[in-house]
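Chemist: Numbering (our numbering), first residue to last: 603 to 791.
The beta carbon of each residue, even a glycine, is placed where N, CA and C say it ideally should be.
Just so we're clear, the structure is a prediction, and the values are computed from it rather than from any experiment.
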Amino acid sequence: MQIRMESTFAQLGLNIRKPVQEIKQPQAELNLQQVPAELTIEQARTELNIDSSQARANIGIMTSMQFSDVNASYGREQWLQAIAEKSQEGDRLMKIYSKENAIAEIGREKGLRALEGGYRPPAASTDEGVDVSIQAKPVNINVKRNGMSIQPTLNPPELSYIPGKVEPYMLQYNSLKIEVVGSQLDRMM
603 MQIRMESTFA QLGLNIRKPV QEIKQPQAEL NLQQVPAELT IEQARTELNI
653 DSSQARANIG IMTSMQFSDV NASYGREQWL QAIAEKSQEG DRLMKIYSKE
703 NAIAEIGREK GLRALEGGYR PPAASTDEGV DVSIQAKPVN INVKRNGMSI
753 QPTLNPPELS YIPGKVEPYM LQYNSLKIEV VGSQLDRMM
């Protein structure tokens, strides 16, 4: 008689779900603020002066002041010339001892001078007579820098975690088979 035994081992299966961990880092916010710079430019007015009074006088268009100045100058000239003539005439009349007929000669000269003409205005100037002057003023430039401000906002990381799980299950149960072989007994247990 023989006893035969057959055994099988249990086999265990595992369902494994791995853990999941997620980390998200939101970006920081800088919050930059730039205040614009201020630029001011001041340009004073340039002064341009044009004086054409001399040019007008040169073509005979005078202001009342210029006209009176010219006439006063002419009158002074004539007055000084008359004094000089009277002085010369007196000197000539005083020289009786000379053989000259001074009275007749002086009369003849005065008559010829009267024929030449009376008042003559002064000759026109060859100068254009326009005075131009420019007075440039400097440019004033001011720059005011207002700068910038930074106010960062830091965001903490976002964490999420799903834990893992292990679930066991049986693939095969254990067993034991015993058999008696031989002689007349055949039995299984």
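#1: With distances taken Cα to Cα, identify the nearest neighbour of residue 711 among 687, 732, 700, 743.
#2: CB-CB under 6 Å to residue 659, same chain, minus the five flanking residues each way: which ones, in chain order?
#3: Anyone know if the C-beta pair for residue 633 and residue 753 falls short of 8 Å?
#4: Report the option in 618, 764, 625, 608 whose CA atom is closest to the CA atom of residue 792.
#5: If I measure Cβ to Cβ from residue 665 and keep anything under 7 Å in the same chain, skipping five residues before and after, which residues do I get?
#6: In this structure, does DSSP put residue 766 in helix, strand or coil?
#7: Please list, in chain order, all residues of the same chain as residue 691 whose beta carbon is under 6 Å from its beta carbon, the five residues on each side excluded.
#8: If contacts are defined as beta-carbon pairs under 8 Å, then residue 608 and residue 767 qualify, I think. What distance do you get, rounded to the angstrom?
#9: Hey, would you say residue 661 sits closer than 8 Å to residue 732, going by beta carbons?
#10: Could you have a look at residue 663 and say whether DSSP puts it in helix, strand or coil?
#11: Considering Cα atoms alone, identify which of 613, 616, 605, 621 is closest to residue 762.
#12: Do you know whose CA, among 774, 615, 775, 756, lies nearest residue 628's CA?
Modeler: Taking the coordinates as given:
#1: 687
#2: 668
#3: yes
#4: Nothing in the structure corresponds to residue 792, since the chain is present only between 603 and 791.
#5: 655
#6: Here residue 766 sits in coil by DSSP.
#7: 708
#8: The pair is not a contact, with the Cβ atoms about 36 Å apart (cut-off 8 Å).
#9: With respect to residue 732, residue 661 sits apart: the two C-beta atoms are not nearer than 8 Å.
#10: Assigned with DSSP and collapsed to three states, residue 663 falls in coil, not helix or strand.
#11: 621
#12: 756
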